[in-house]
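Residue numbers (my numbering), protein chains in the order written: chain A, 1 to 196; chain B, 197 to 392.
The structure appears below as structure tokens.
2 protein chains.
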Amino acid sequence: MIDEKYPPGKRKIIKALRTLLEDREFNSVTTSDIAKTAGVTEGLIYKYFANKRDLLYQVLKEHIDQFLFKVEKDLEGSLSSLDKLKAIVHSSVYSYAKHRVFAKMLLIEVRNSPDYFSSDACNLIRLHVKNILGIIETGIKNCEIKETLNPIAIREVLLGAIEQGCISKIIFNRKIDVDKITEDICDIVFNGLSQN
Amino acid sequence: MIDEKYPPGKRKIIKALRTLLEDREFNSVTTSDIAKTAGVTEGLIYKYFANKRDLLYQVLKEHIDQFLFKVEKDLEGSLSSLDKLKAIVHSSVYSYAKHRVFAKMLLIEVRNSPDYFSSDACNLIRLHVKNILGIIETGIKNCEIKETLNPIAIREVLLGAIEQGCISKIIFNRKIDVDKITEDICDIVFNGLSQN
DNA sequence: AAAGGTAAGTGAGTTTTACTTACTAAAAAG
DNA sequence: CTTTTTAGTAAGTAAAACTCACTTACCTTT
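Structural data, given as structure tokens:
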């Protein structure tokens, strides 16, 4: 998955950025910081990456690769579509909780640059998101999910809930209770909040 | 609301940024661009604003002021808590649809700078969000909303759904069907997606 | 083993951009 | 009429992203 055939300098640069992002936000990390941390010169960064953001996206892509691999595994046991959706919610929240750097990148840093949306990282996410839509559509065919609902809207509610449930904890470095957030989201979205 | 007693230079600067953000993202707008568009010198920006982001937050604050004023009005007719929540969803989506610059700032630009969270703009949002929680809690007391659910989680699902429902349309400049998105979100979140 | 080619890496620039500061002109205040 | 405050300018600085001409080292082929 992670291409170990990268030259050592390139590996060092990727690792350096990942390390730096652990306690600092992307915009405050300078190329000079990255080079120093990696033990290479600034020029080398531009040998391997088109620019600073391109480097970010490649770091992100590696994480997403691993994330999607794990999601796939987590889905194996699930039979019903609702179980699958719940497993995705759990995996996502878990991943945000465990890999805060990855979470910050995906939920915060990435959006405000149009070129993200043509990056490999974004294309991987698109695949994942298409997959979720497939599960929802299967759920509708199975009569697990109301056929009156718009599948895309369902997906957006779920993904939005996951993001919103994690983002403030990510930003303010607070604990994320994965199981509780998962239960809360699924309780609400699966059964609704209305009493009657 | 908008303090017309601002000196003309300051007004011009605020207006210039708002104009520039209509087709460009904040990070790609330079202080030199802002100054040129406003017809003042760069130095003047720093007379009135601590830095470039501070300017952004003040522009944002003006929009939020107006937004919250409108939300308040939209809530007047609603009797039940669920109606109120639906009105908030509608107002929010409407506002994102109509004021795309505001939407971009709030959904995209703002997060990735820690100092936003101590800005006036953010404090206004906090008030609004606290208000939503109040409505949910009233709904639980009224037995409109299930008392087994976590009110904060409900709010997060709703807000997340709104964001997610709008953000891709904002980014890719696609049409936002306010009524449809509102219906979709409320259908799902109020009654759940599960068939049984 | 010598030559040539290529990949990895360097380091000294350049340019751009956010921000500073010392100044001026004019209006308000005393 | 003088002083002070306010609105605004112009030139400059520092830091950051990015460039480019160059070196070193290794691999391949004759």
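A virtual CB, placed ideally from N, CA and C, is assigned to each residue, including glycine.
The structure presented is a predicted model; accordingly, all values stated were derived computationally and were not measured.
Taking the straight line between their C-alpha atoms, what separation do you get for residue i and residue j?
i: T237 (chain B); j: I230 (chain B); result: 9 angstroms
i: K294 (chain B); j: I145 (chain A); result: 33 angstroms
i: H90 (chain A); j: L256 (chain B); result: 34 angstroms
i: R249 (chain B); j: S315 (chain B); result: 10 angstroms
i: I198 (chain B); j: E258 (chain B); result: Since pLDDT at I198 (chain B) reaches only 44, below the 50 mark, its modelled position is unreliable, and no value is offered.
i: G139 (chain A); j: K169 (chain A); result: 31 angstroms
i: E333 (chain B); j: Y46 (chain A); result: 54 angstroms
i: S291 (chain B); j: L133 (chain A); result: 27 angstroms
i: F298 (chain B); j: A121 (chain A); result: 27 angstroms
i: V325 (chain B); j: I331 (chain B); result: 10 angstroms
i: K282 (chain B); j: I210 (chain B); result: 33 angstroms
i: D177 (chain A); j: T19 (chain A); result: 24 angstroms
i: I321 (chain B); j: I260 (chain B); result: 8 angstroms
i: T226 (chain B); j: G192 (chain A); result: 46 angstroms
i: Q360 (chain B); j: A349 (chain B); result: 16 angstroms
With a threshold of 7 angstroms between beta carbons, is residue i in contact with chain A?
i: G273 (chain B); result: no
i: A349 (chain B); result: yes
i: L302 (chain B); result: no
i: Y202 (chain B); result: no
i: K266 (chain B); result: no
i: N369 (chain B); result: no
i: N319 (chain B); result: no
Is residue i close to chain B, meaning its C-beta is less than 7 angstroms from at least one C-beta of that chain?
i: I2 (chain A); result: Because the pLDDT at I2 (chain A) is just 45, under 50, the model does not fix this residue reliably, and the value given afterwards should be weighed accordingly. So no, I2 (chain A) is outside the interface.
i: N112 (chain A); result: yes
i: V157 (chain A); result: yes
i: A161 (chain A); result: yes
i: L55 (chain A); result: no
i: I176 (chain A); result: no
i: E62 (chain A); result: no
i: Q164 (chain A); result: yes
i: N51 (chain A); result: no
Around the C-beta of residue i, are 16 or more other C-beta atoms found within 10 angstroms, so that it is buried, or is it exposed?
i: N112 (chain A); result: buried
i: A50 (chain A); result: exposed
i: D23 (chain A); result: exposed
i: L106 (chain A); result: buried
i: T378 (chain B); result: buried
i: S224 (chain B); result: exposed
i: V93 (chain A); result: buried
i: K213 (chain A); result: Chain A is shown from 1 up to 196; residue 213 (chain A) falls before or after that span and cannot be answered.
i: D179 (chain A); result: exposed
Just to check, is the beta-carbon of residue i closer than 6 angstroms to a non-hydrogen atom of the ligand GDP?
i: K141 (chain A); result: The model on display carries no ligand, and the ligand GDP is accordingly not part of it.
Using a Cβ-Cβ cut-off of less than 8 angstroms, list which residues of the segment 206-240 of chain B approach chain A; keep chain order.
Flagged, chain order: E221, F222, N223.
Interface positions of the segment 374-390 of chain B facing chain A (Cβ-Cβ less than 7 angstroms), listed along the chain:
So the list reads D380, I381, D383, I384, V385, F386, N387, G388, L389, S390, given in the order they occur along the chain.
Would the segment 61-81 of chain A and the segment 156-169 of chain A be scored as touching if the rule is three or more Cβ pairs under 8 angstroms?
Using a C-beta cut-off of 8 angstroms, the segment 61-81 of chain A makes no contact with the segment 156-169 of chain A, since fewer than three inter-stretch Cβ pairs fall below that distance.
Could you list the residues in the segment 126-147 of chain A with a C-beta less than 7 angstroms from some C-beta on chain B, going in chain order?
So the close ones are C143, E144, I145, K146.
In the segment 287-298 of chain B, which residues sit with their C-beta less than 8 angstroms from some C-beta in chain A, listed in chain order?
If the cut-off is 8 angstroms between Cβ atoms, the segment 287-298 of chain B has nothing near chain A.
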